[in-house]
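Q: Let me give you the structure first, and then I'll get to my questions.
In my numbering, the protein residues as written are 97 to 460.
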């Protein structure tokens, strides 16, 4: 089936228009095997072979995309604006507001596919060891954005835009590898556990060094470079904790964070366009990028009392709360607004309910 807007299609993908998942790696012959695996308790499950591991980890990857689309504030906003646009089309409503607003959400995903550039990779034997530099650029279709450049010595390997697709793929990769690790740790013998964990580590390192999968790996490369003390499981949980937080903050909180981020941008001319987007509740991926850098600064400063780098490993949610309450609150007088999140959630649910009669006709 033709898809126009989707996640990266390696073994499967989520369509952002229909919210349907397609597993392209396998055919219908594995349906019974998959259904049987899905009935098992993943807290105690052990993969009997690599085939089972690949099936379930892929499904966890795609389900994470679906849950991000349907249970987070970002996903509810996206679907609410998408359905309002569709509703206007069905009613032949000529207003342009709905499509223009929805285009903002679409562009944050589409940036990656349109602007990623791969150059000379002949010398890029270890992508993780490449030097990273970031800068702001202006694109006439997408406006101001952050580009990450990968260098091997002085040779430019690739340029990658930091996008919502990058954030969403990183979250799905975390789910994919965490289910593998969880099942490996369920092995009854320590030697089997270690063999399985070594294979998983090898798979992840292959991902890090694959320049053709930069939409999957460069957030991990960026984070691992700044926090080299984290093992694989700790790295995955830390990134997933950050992304879960960012996908569920309110538009007002994003606007507040923009005040902090504004002072970290050297190129004010291009940076102001990003800040304006954030003031409208957009550009959550920019927060992920800046938070990774700010957290690195946070753990390397002595003026914060609750700063404990070990919490990144042992309790990343507590660490993130301390970072928000100390570092972010140090620069912003009033920031955390749980009640605004609840209100925003209710607004989007109401919007989706109001579109139901158009999108699901009553045949009674």
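Idealized CB from N, CA, C, for every residue including glycine.
Here the structure is a predicted model, which means the values were calculated and not measured.
Considering only the alpha carbon of each residue, which of 257, 109, 225 and 183 lies closest to residue 234?
A: It is 257 whose Cα lies nearest to the Cα of residue 234.
Q: Here's the rule: buried if 16 or more other CB atoms are within 10 angstroms of the residue's CB, otherwise exposed. What is residue 157?
A: Answer is buried; the Cβ neighbour count reaches 16.
Q: Can you tell me whether residue 392 is buried or exposed, with buried defined as 16 or more other CB within 10 angstroms of its CB?
A: Classification for residue 392: exposed.
Q: For the alpha helix (DSSP H) containing residue 276, name the first residue and the last one.
A: Here the alpha helix (DSSP H) through residue 276 covers 260-281.
Q: Does the structure place the stretch 143-154 close enough to the stretch 276-284 that three or more beta carbon pairs sit under 8 Å?
A: Contact holds: three or more Cβ-Cβ distances are below 8 Å.
Q: Considering Cα atoms alone, identify which of 381, 142, 366 and 147 is closest to residue 208.
A: Among 381, 142, 366 and 147, the Cα nearest to that of residue 208 belongs to 381.
Q: List the whole-angstrom C-beta distance separating residue 447 from residue 180, where the pair is believed to meet the contact cut-off of C-beta under 8 Å.
A: The pair is a contact, with the Cβ atoms about 7 Å apart (cut-off 8 Å).
Q: When you compare each of 216, 299, 228 and 341 to residue 463 by their alpha carbons, which one comes out closest?
A: Residue numbering for the chain in the displayed model covers 97 to 460; residue 463 lies beyond these limits and cannot be assessed.
Q: On the criterion of 16 or more Cβ atoms from any shown chain inside 10 Å, does residue 316 qualify as buried, or is it exposed?
A: Looking at its Cβ environment, which holds 16 or more other Cβ atoms inside 10 Å, residue 316 is buried.
Q: Report the rounded CA-to-CA distance for residue 460 versus residue 112, giving the unit in angstroms.
A: With a pLDDT of 49 at residue 460, under the threshold of 50, the modelled position of this residue cannot be trusted; read the value that follows with caution. Cα to Cα, the separation comes out at about 30 Å.
Q: Would residue 307 and residue 223 qualify as a contact pair, given that the criterion is a beta-carbon distance under 9 Å?
A: Yes; because the gap between Cβ atoms is below 9 Å, this pair is in contact.
Q: Starting from residue 156, trace the alpha helix (DSSP H) both ways and give me its first and last residue.
A: Element bounds for residue 156: 146-167.
Q: Using C-beta distances below 7 Å, list every residue in its chain close to residue 142, excluding the 5 sequence neighbours before and after it, in chain order.
A: Closer than 7 Å at Cβ, skipping near neighbours: 279, 282 and 283.
Q: Residue 357 to residue 344, Cα distance in whole Å?
A: Answer to the nearest angstrom: the Cα atoms are 18 Å apart.
Q: Just to confirm the assignment, what range does the alpha helix (DSSP H) spanning residue 122 have?
A: Here residue 122 belongs to no alpha helix (DSSP H), and DSSP marks it neither H nor E.
Q: Below 8 Å, how does it come out for the stretch 370-381 and the stretch 393-410: are there three or more Cβ pairs, yes or no?
A: Flag = no, the stretch 370-381 and the stretch 393-410 do not touch.
Q: Find out if the Cβ-Cβ distance for the pair residue 127, residue 108 is shorter than 9 Å.
A: No. Outside cutoff.
Q: What is the C-beta distance between residue 176 and residue 423, in whole angstroms, given that I count them as a contact (C-beta under 8 Å)?
A: About 32 Å separates the two Cβ atoms, so there is no contact after all.
Q: With 16 as the cutoff for other CB atoms within 10 Å, does residue 174 come out buried or exposed?
A: With 16 or more other Cβ atoms within 10 Å, it is buried.
Q: Only counting the same chain, and skipping five residues up and downstream in sequence, which positions put a Cβ closer than 8 Å to that of residue 406?
A: There are no such residues.
Q: Less than 9 Å between the beta carbons of residue 412 and residue 300, yes or no?
A: No, these two residues do not count as a Cβ contact at 9 Å.
Q: Going by beta carbon distance, what residues of the same chain come within less than 7 Å of residue 386, once the five residues before and after it are set aside?
A: Answer for residue 386: 357 and 360, listed in chain order.
Q: In the DSSP assignment, what are the bridge partners of residue 231?
A: Per DSSP, 243.
Q: Which residue or residues does DSSP assign as beta-bridge partners of residue 213?
A: Paired residue(s): 255.
Q: CB of residue 404 to nearest heavy atom of the ligand GDP: below 8 Å?
A: You won't find the ligand GDP in this model; it holds no ligand whatsoever.
Q: When the Cα of residue 250 is compared with those of 226, 241 and 184, which residue comes out closest?
A: Among 226, 241 and 184, the Cα nearest to that of residue 250 belongs to 226.
Q: Looking at C-alpha atoms only, which residue of 144, 339 and 319 is the closest neighbour of residue 170?
A: Closest by alpha carbon: 339.
Q: Would residue 254 be called buried (16 or more neighbouring beta carbons within 10 Å of its own) or exposed?
A: That one is buried.
Q: Which residue marks the beginning of the beta strand (DSSP E) containing residue 110, and which one marks its end?
A: 108-110 is the extent of the beta strand (DSSP E) around residue 110.
Q: What residues in its chain sit with their C-beta under 6 Å from that of residue 211, if we drop five residues either side in the sequence?
A: Taken in chain order, the residues that qualify are 257.
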